[in-house]
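S.K.:
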Amino acid sequence: MSQPLNVVIVGGGTAGWMAAAALSAALAPQHRRVRLIESAEIGTVGVGEATLPHLRMFNRRIGIDERDLMAKTQATFKLGIEFVDWARIGDSYIHPFGAYGSRMAGVPFHQYWLRQRKHGHAAPLEAYSLPIVAARHGKFVLPADDPAALLSSFGYAFQFDASLYAAYLRDFAERRGVVRTEGKVVDVKLRGTDGWIESIKLADGSVIAGDLFIDCSGFRGLLIEQALHTGYEEWTHWLPCDRAVAVPSRNVGPLTPYTRATAREAGWQWRIPLQHRTGNGYVYSSHFISDDAAAQKLLSRLDGEVLGTPRFLSFVAGRRRKTWNKNCVAVGLAGGFLEPLESTSIYLIQIAITTLIDYLAATSGFDARIVDAYNRWIDMEYDRVRDFLILHYHANQREDSPLWNHCRTMELPDTLAHRLELFRHRGRVITYKDGLFLEASWLAVYFGQRVMPTGYDSLADAMGAAELDRRTRTMREQIEQTVAHMPTHDRFLSTYCPANSEAAHA
Amino acid sequence: MNAAVRSVAIVGGGTTAWLCATALKRAFLHRGLDVLVLDLGRSADDPLGRWTLPSLRSIHTLLGIKEGDLIRRTGATFRLGTEHRSWQGDASRFVQMHGELGIEINGAPFEKYLALRTLSGRPEDIEDYSLAAVAARTGKFARPTESQNALTSSFTYGLHLDDSAYCEYLREYAQRLGVRRVNSQLHDVLLKDGNVNALVLPNGERIHADYFLDCSGQQALVMNRVGGSDRQDWSAWLRNDRMVSTRAFAIDDPPAVTRTDATDIGWLWRIPLAHSSVAGYIYSSEFCNDNEAIRQLRQYAPCISEPMVCHLRQSRRTRPWTRNCIAIGSSAVELEPLVGADLHIVQLGIATLIELFPLDTHAAVEATEYNRIIGEHADALRDFTVAHYRTGAGRSADYWRAMQTEPLPPSLADKLDLYRANGHIVLRDHETFETADWAWLLLGRHCLPDALGLHVRAKLTDAAVSHLTKLRIAIEQLAGSMPRHMDYVRQQR
Chain A
1 MSQPLNVVIV GGGTAGWMAA AALSAALAPQ HRRVRLIESA EIGTVGVGEA
51 TLPHLRMFNR RIGIDERDLM AKTQATFKLG IEFVDWARIG DSYIHPFGAY
101 GSRMAGVPFH QYWLRQRKHG HAAPLEAYSL PIVAARHGKF VLPADDPAAL
151 LSSFGYAFQF DASLYAAYLR DFAERRGVVR TEGKVVDVKL RGTDGWIESI
201 KLADGSVIAG DLFIDCSGFR GLLIEQALHT GYEEWTHWLP CDRAVAVPSR
251 NVGPLTPYTR ATAREAGWQW RIPLQHRTGN GYVYSSHFIS DDAAAQKLLS
301 RLDGEVLGTP RFLSFVAGRR RKTWNKNCVA VGLAGGFLEP LESTSIYLIQ
351 IAITTLIDYL AATSGFDARI VDAYNRWIDM EYDRVRDFLI LHYHANQRED
401 SPLWNHCRTM ELPDTLAHRL ELFRHRGRVI TYKDGLFLEA SWLAVYFGQR
451 VMPTGYDSLA DAMGAAELDR RTRTMREQIE QTVAHMPTHD RFLSTYCPAN
501 SEAAHA
Chain B
1 MNAAVRSVAI VGGGTTAWLC ATALKRAFLH RGLDVLVLDL GRSADDPLGR
51 WTLPSLRSIH TLLGIKEGDL IRRTGATFRL GTEHRSWQGD ASRFVQMHGE
101 LGIEINGAPF EKYLALRTLS GRPEDIEDYS LAAVAARTGK FARPTESQNA
151 LTSSFTYGLH LDDSAYCEYL REYAQRLGVR RVNSQLHDVL LKDGNVNALV
201 LPNGERIHAD YFLDCSGQQA LVMNRVGGSD RQDWSAWLRN DRMVSTRAFA
251 IDDPPAVTRT DATDIGWLWR IPLAHSSVAG YIYSSEFCND NEAIRQLRQY
301 APCISEPMVC HLRQSRRTRP WTRNCIAIGS SAVELEPLVG ADLHIVQLGI
351 ATLIELFPLD THAAVEATEY NRIIGEHADA LRDFTVAHYR TGAGRSADYW
401 RAMQTEPLPP SLADKLDLYR ANGHIVLRDH ETFETADWAW LLLGRHCLPD
451 ALGLHVRAKL TDAAVSHLTK LRIAIEQLAG SMPRHMDYVR QQR
């Protein structure tokens with residue numbers, strides 16, 4: 001191998017800086033040269049971001065100290081997402097980062113729960129989830145290492161300020177040799193022979209050549225779409241929301257160790273508590289509400305005093321036909337858009353970057369076999385998230401507004417239709433090896449959205465009723481007792497990773 | 001509302017039928033499920049001997065079968081893996097062990113280190129870094145144990161089984177659990193609205209049940225009536241269509257390995273049992289007649305029974321669960337036994353059926369899911385088998401050249417393409433063999449990637465490999481301290 005891989009990242013923001021940080025940490029300095037072009041003129045989407053537990057693996061992999069990161073990004077802990085008013089107005093459920101109960105005799109816990117429910121004496125499913133009970137009580141501690149301990153039965157993620165996160169990663173990446181160039185891309189030059197990207201030209205006239213271009217330019221896809229015309233697969237018939245309006249507000253009351261997503265007349269509203277403020281937004285379908293009305297609704301539904309003016313975003317749910325095309329890899333919104341209902345945005349960035357790093361084998365002339373395999377993998381990740389999101393919209397019993405009527409009656413992707421049918425029939429969750437959302441996530445959303453199986457697995461009948469009642473009662477009691485001894489989220493934050501004033505002004 | 005399932009009738013008399021009967025009866029003892037086996041006796045394609053994957057042990061554990069007792073009473077022996085000879089030329093050999101390979105280096109899997117060493121012209125012997133391989137090579141065996149030393153649990157094992165003895169063992173066990181047995185032939189299958197309504201015996205007696213398991217082997221006596229000839233043909237990739245096997249004299253002091261020897265028309269195999277051995281030949285009738293194959297088999301092993309030839313049609317059903325009939329075993333999947341997965345397929349079938357056991361007599365959604373899962377598993381086992389013929393160098397005879405012509409199944413082509421490009425193995429949802437198994441196969445056959453991932457190279461460039469010498473020595477010492485394989489077998493209680 002003679003020359004290092006010359007990587008040009010177009011666009012700062014979360015995607016760009018995650019890519020820069022990971023590439024500079026994972027590849028040996030003699031194998032890569034990483035340059036990031038960003039323009040201060042073009043704002044980043046960065047609002048309050050909620051993440052998934054997987055981000056912790058990313059941090060570990062590239063060597064980020066989690067406590068330091070949290071302190072510098074105004075971060076709070078997240079045990080799950082509360083969904084309010086989704087199946088019916090007045091409903092609330094939490095999608096937790098952790099399983100419900102424990103398997104007994106090789107049979108999933110929820111099958112026993114379905115059995116008890118059928119006989120009319122099941123406790124609420126929530127009572128079997130440590131992270132849900134902790135979230136409902138505003139409690140938090142770090143999970144234990146001992147896999148036998150109840151306190152190891154959950155995971156956690158962060159809620160942080162995305163622009164502070166990007167700044168944090170920028171510092172990390174620059175210390176590892178990433179070169180940042182301020183500038184706006186005005187032209188993209190393609191190679192005559194094969195249409196690969198040869199170089200980009202900045203407003204100041206400078207030309208930057210590269211082997212691999214990572215497009216982190218956001219929705220518009222400056223390289224992947226505007227230059228390479230890769231094409232986009234639209235999913236708006238399943239996920240009709242195409243706008244969002246975001247605004248921060250002042251914190252009121254204790255910081256919740258979870259994100260909230262409240263279903264609204266034409267979409268849903270997010271609420272993400274950070275140490276210094278709360279991020280809010282309304283994701284909606286422009287078909288069902290106007291921008292002005294959406295902003296009005298959002299402003300009238302904040303818990304605290306509004307900070308700043310509402311900002312609008314528009315998007316189209318879907319995915320680029322190839323997120324790796326020629327010598328360009330699209331990461332983040334340039335690669336595809338799935339609304340942040342399940343906090344998957346950063347996960348999808350992470351998976352694009354780590355898969356790229358896992359697959360890169362040469363410093364130039366990318367092997368078509370690698371590109372094809374990469375695209376298959378990323379497509380699978382997007383498709384699985386997509387199906388999970390559609391479930392939230394489809395399984396509703398709301399008849400108060402046209403959006404919900406539309407979603408309840410729309411045709412589903414075959415993959416999801418089969419999943420739903422199997423669950424409705426006997427509570428079986430189709431699981432898979434790779435990609436997001438394990439059994440507990442599907443269970444949380446199925447049950448939360450009032451998808452109730454008519455039958456259950458007959459293996460769950462093997463245990464005697466008294467024995468089952470005793471064991472399930474013990475599980476609930478242990479969870480209650482464990483949560484009672486946990487500190488509050490606020491208290492834990494104040495000792496673990498209080499934000500310092502320096503970070504707040506970064 | 002449809003009626004609850006109260007009864008299952010199983011057709012077939014071999015190991016497949018009795019393994020299914022035992023597992024089903026045991027799983028649903030609490031609800032008094034009636035399980036009946038229409039015992040047709042052993043079928044023509046039941047082998048004399050089998051080699052199994054480690055997974056079979058988990059079903060033994062679930063069923064409460066004590067392995068020591070099973071081994072003592074059926075004359076079984078242990079297997080740490082398979083030794084393949086002459087697959088890439090007369091003097092060639094490679095091994096496929098069960099278990100880990102080496103240790104992680106700076107977070108990079110050991111097989112990447114081995115690949116890198118070979119790519120940079122300093123190859124190492126893969127077997128030196130596996131306790132299982134060294135034990136196998138030196139004729140030693142002991143079960144893995146959890147201890148301070150990670151090496152003692154670094155491997156796992158399967159069994160060599162005398163099929164009729166194993167079948168009898170399961171049958172006794174099943175009958176003790178309350179499985180009913182009817183010894184008879186099958187005269188006819190009565191259908192009603194597309195479902196199986198009853199099995200008709202030669203004496204006119206009828207057997208009714210809610211569900212029927214077809215474990216009758218290749219003949220698929222029941223399924224052929226319900227599902228017709230629903231076959232995905234694999235013979236373009238796997239051309240062997242004959243199996244012949246024979247009992248042979250015991251091997252003197254045999255290692256705990258299955259042995260195969262490739263020839264110009266297929267491959268021979270031999271497995272050790274406690275008091276005898278079984279040998280066989282899997283070949284293509286297009287390239288050799290049966291008499292010649294039998295002659296070669298007699299040369300290969302000292303036969304003590306008349307070699308029996310049976311046919312093989314490598315393929316699988318698309319819908320092994322159709323209506324109220326489920327085909328399990330070779331009635332659903334026919335695959336040459338190279339990778340030792342024939343009972344594994346049975347086990348997957350019955351375990352998946354138990355998990356999806358129908359709530360009532362109408363189970364369309366369960367059937368769809370069952371067929372999806374079993375189909376993916378079967379295709380993955382096919383791919384792993386095909387890879388034995390299509391990676392690295394091969395032999396040069398006509399038979400071997402003919403095996404190379406068909407484009408690979410897309411799932412295997414995708415997997416090997418990425419592997420060749422950067423050494424990365426992608427596993428799909430329902431695959432039996434894992435990354436380490438693929439590494440044994442591909443590195444063993446000298447099928448190397450063109451390059452390795454940049455991040456792996458970053459981890460391995462400054463890898464301190466001096467402790468690898470220590471690892472090799474520790475493996476040798478540990479293998480040295482194990483008993484001889486057959487001494488260990490004789491100690492089983």
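So the sequences go chain by chain: A and B.
So in the numbering used here the end of the first sequence lands on 506, straight run, no missing numbers.
So in the numbering used here the end of the second sequence lands on 493, straight run, no missing numbers.
Note that the Cβ used here is the ideal one computed from N, Cα and C, for glycine as well.
1. Once DSSP output is grouped into helix, strand and coil, what is the label at residue 498(A)?
2. For residue 119(A), is the classification buried or exposed, using 16 other Cβ atoms within 10 angstroms of its Cβ as the cut-off for buried?
3. Expressed to the nearest angstrom, what Euclidean distance is found between the alpha-carbon atoms of residue 383(A) and residue 211(A)?
4. Between which two residues does the beta strand (DSSP E) carrying residue 259(A) extend?
5. Span of the beta strand (DSSP E) holding residue 377(A)?
6. What does a CB cutoff of less than 7 Å around residue 288(B) pick up in its chain, not counting 5 residues either side in sequence?
7. Can you tell me whether residue 334(B) is buried or exposed, with buried defined as 16 or more other CB within 10 angstroms of its CB?
8. Nearest by alpha-carbon distance to residue 10(B): which of 395(B), 37(B), 451(B) is it?
9. So residue 224(A) and residue 325(A) are supposed to be a Cβ contact under 8 Å. How far apart are they, rounded?
10. State the start and end residues of the unbroken alpha helix (DSSP H) segment that holds residue 365(B).
11. According to DSSP, what are the bridge partners of residue 310(B)?
12. I need the straight-line Cα distance from residue 475(A) to residue 458(A), nearest angstrom please.
13. Please confirm whether residue 505(A) has its beta-carbon closer than 8 Å to some beta-carbon of chain B.
14. Looking at the unbroken beta strand (DSSP E) that takes in residue 93(A), where does it start and where does it end?
15. Let me check one thing: in DSSP terms, what residues is residue 97(B) bridge-paired to?
16. Please give me, in chain order, every unbroken run of the beta strand (DSSP E) with length at least 3 that falls completely inside the stretch 198-276 of chain B.
17. What does residue 455(A) touch in chain B if you count any residue whose Cβ is under 7 Å from its own?
18. Restricting to Cα atoms, I'd like to know which of 339(A), 252(A), 296(A), 99(A) is closest to residue 318(A).
19. Just the chain B side, please: which residues come within less than 7 Å of residue 361(A) by C-beta, in chain order?
20. Taking C-alpha atoms, which residue in 3(B), 8(B), 450(B) lies nearest to residue 207(B)?
21. With a Cβ-Cβ cutoff of 8 Å, do residue 277(A) and residue 82(A) count as a contact?
22. Looking at the strands, I want to know which residues DSSP matches up with residue 155(B).
23. Under 7 Å Cβ-Cβ, which residues of chain B neighbour residue 432(A)?
24. Between residue 418(A) and chain B, is any beta-carbon pair separated by less than 8 Å?
25. Roughly how many angstroms lie between the CA atoms of residue 503(A) and residue 76(A), to the nearest whole one?
26. Just the Cα atoms here: how many angstroms apart are residue 383(B) and residue 19(A)?
27. Could you tell me the distance, in whole angstroms, from the CA atom of residue 275(B) to the CA atom of residue 141(B)?
28. By the three-class DSSP mapping on this structure, what secondary structure does residue 53(A) have?
29. Inspect the beta-carbon positions of residue 130(A) and residue 150(A) and report whether they are closer than 8 Å.
30. Run the CB neighbour count on residue 324(B), radius 10 Å, all protein chains shown included, and call it buried at 16 or more, exposed below.
31. Is the CB of residue 244(B) under 8 Å away from at least one CB in chain A?
32. Can you confirm whether residue 369(B), when its beta carbon is compared against all beta carbons of chain A, has any partner nearer than 8 Å?
33. Mind checking which residues open and close the beta strand (DSSP E) that includes residue 248(A)?
34. Between which two residues does the beta strand (DSSP E) containing residue 291(B) stretch?
35. Given a cut-off of 8 Å on the beta-carbon distance, is the pair residue 346(A) and residue 172(A) in contact?
36. Shortest alpha-carbon distance to residue 359(B) belongs to which of 309(A), 425(A), 305(A)?
M.R.: On the basis of the supplied data:
1. coil
2. exposed
3. 29 Å
4. 259-264
5. Not the beta strand (DSSP E): residue 377(A) falls in the alpha helix (DSSP H), residues 368-394.
6. 265
7. buried
8. 37(B)
9. 6 Å
10. 364-390
11. 243(B)
12. 22 Å
13. Unreliable placement is indicated for residue 505(A), whose pLDDT of 40 sits below 50; no coordinate value is reported for it.
14. 92-96
15. 81(B)
16. 206-208, 211-214, 242-248, 257-262, 266-272
17. 359
18. 339(A)
19. 421, 422, 451, 452, 453, 454
20. 8(B)
21. no
22. 99(B)
23. 429
24. yes
25. At residue 503(A) the pLDDT is 43, less than 50, meaning the model places this residue with poor confidence; the figure from the coordinates comes in the next sentence. Those two C-alpha atoms are separated by around 14 Å.
26. 35 Å
27. 18 Å
28. coil
29. yes
30. buried
31. no
32. yes
33. 243-249
34. Careful: residue 291(B) lies outside any beta strand (DSSP E), inside the alpha helix (DSSP H) at 290-300.
35. no
36. 425(A)
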